[in-house]
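Residue numbers (full-length UniProt numbering): 1 to 278.
Backbone N, C-alpha and C fix where the C-beta goes; we use that ideal spot for every residue, glycine too.
Owing to the predicted nature of the structure, the values given are computational and were not obtained by experimental measurement.
To keep things clear, I will list the structure first and then write my remarks on it.
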């Protein structure tokens with residue numbers, strides 16, 4: 001049975017709002033929650049956004065069962081030795097609920113603006129590979145660079161992307177591989193390229209709740225997120241359930257559900273009742 005994660009970009013809302021959404025997701029039957037990692041809100045740099053690892057820590061402290069992660073942490077934001085220590089600390093504090101999602105950086109202008117990196121895409125993927133190999137050393141009890149304490153249990157690693165070199169890192173290092181939303185319709189094409197990693201799908205969802213006007217809900221979702229193409233799916237519980245079942249039949253083992261209405265608690269609750277548990 002596939003896992004369900006609520007994907008919630010932690011911008012334009014308060015920390016109390018995020019806690020409420022996390023707790024609602026936990027009650028509604030979601031298995032986890034994931035955040036993004038940027039220093040500015042993508043495409044809206046004047047909108048406030050909270051730091052990713054701190055938010056994950058706060059959500060872990062305010063939930064009991066949810067797995068906690070990111071799509072994805074930016075490699076350039078944290079030195080590998082510091083990231084290794086942060087990850088082990090949060091994994092242990094949460095009772096093993098933290099997963100490490102990592103990426104090479106999707107917004108080069110942001111990296112340059114804050115003097116983090118001017119590396120090319122190829123160089124950033126190379127750096128991510130270096131980080132992943134370093135993490136294994138820092139977490140390995142028998143390595144001379146091992147940090148104490150070492151993890152008491154394996155920490156799952158989540159990588160995304162579809163480029164050949166990124167998929168090579170997936171095969172070498174990842175427990176989970178995430179297919180970006182804009183490539184949802186190409187899932188079967190990539191599955192043979194991910195090795196033993198389990199496949200996840202990020203899906204923007206225009207959920208038509210009970211009593212909603214389907215045309216109005218769909219129009220608003222298309223206006224906001226139509227640029228995602230197949231990454232946006234709209235419909236009521238029955239049609240969305242069928243959509244996710246098709247993806248599961250194709251090989252998806254986890255869904256990161258991203259709501260076009262920005263996930264108010266009512267949407268999270270009804271989706272859990274009618275799609276996840278339906």
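- Task: Just the C-alpha distance for residue 1 and residue 243, rounded to the nearest angstrom, thanks.
- Result: In the chain shown, residue 1 corresponds to position 1, counting from 1. In the chain shown, residue 243 corresponds to position 243, counting from 1. Rounded to whole angstroms, the gap between the alpha carbons of residue 1 and residue 243 is 15 Å.
- Task: Under 6 Å Cβ to Cβ from residue 47, same chain only, skipping five residues before and after it: list those, please.
- Result: For the purposes of this step, residue 47 is identified with residue 47 of the chain shown, where counting begins at 1. Here the set comprises 11, 12, 41.
- Which residues bound the alpha helix (DSSP H) around residue 310? Outside the displayed span of the chain (1 to 278) sits residue 310, for which this structure offers no information.
- Tell whether a beta-carbon distance below 8 Å holds between residue 150 and residue 176. Your numbering for residue 150 matches position 150 in the chain shown. Your numbering for residue 176 matches position 176 in the chain shown. Not a contact, by the Cβ cut-off of 8 Å.
- Item | Same chain, Cβ closer than 7 Å to residue 84, five either side skipped, listed in chain order | On the chain shown, residue 84 is found 84 positions in, with the first residue counted as 1. For residue 84, where only same-chain residues beyond five positions count, the Cβ hits under 7 Å are 135, 138, 139, 147.
- Message: If you reduce the DSSP assignment to three classes, tell me which class residue 224 lands in.
- Response: If you number the chain shown from 1, residue 224 lands on position 224. Residue state, collapsed to three classes: helix.
- Task: Please list, in chain order, all residues of the same chain as residue 277 whose beta carbon is under 6 Å from its beta carbon, the five residues on each side excluded.
- Result: Start at 1 with the first residue of the chain shown, and residue 277 comes out as number 277. Cβ within range, chain order: 29.
- Which same chain residues, not among the five before or five after residue 58, have their C-beta less than 8 Å away from its C-beta? Here residue 58 refers to the residue found at position 58 of the chain shown. In its chain, beyond the 5 residues on either side, 15, 18, 19 have a beta carbon closer than 8 Å to the beta carbon of residue 58.
- Query: Do the stretch 160 to 175 and the stretch 111 to 118 make contact, defined as three or more Cβ pairs closer than 8 Å?
  - Reply: no
- In whole angstroms, what is the alpha-carbon distance linking residue 3 and residue 261? One-based indexing of the chain shown puts residue 3 at position 3. One-based indexing of the chain shown puts residue 261 at position 261. Using only the alpha carbons, I get a separation of about 22 Å.
- Compute the beta-carbon to beta-carbon distance between residue 33 and residue 6, rounded to the nearest angstrom, for a pair I have assumed lies under 8 Å. Locating residue 33 in the chain shown gives position 33, counting from the first residue. Locating residue 6 in the chain shown gives position 6, counting from the first residue. That belief holds up - the Cβ atoms of residue 33 and residue 6 are roughly 5 Å apart, short of 8 Å.
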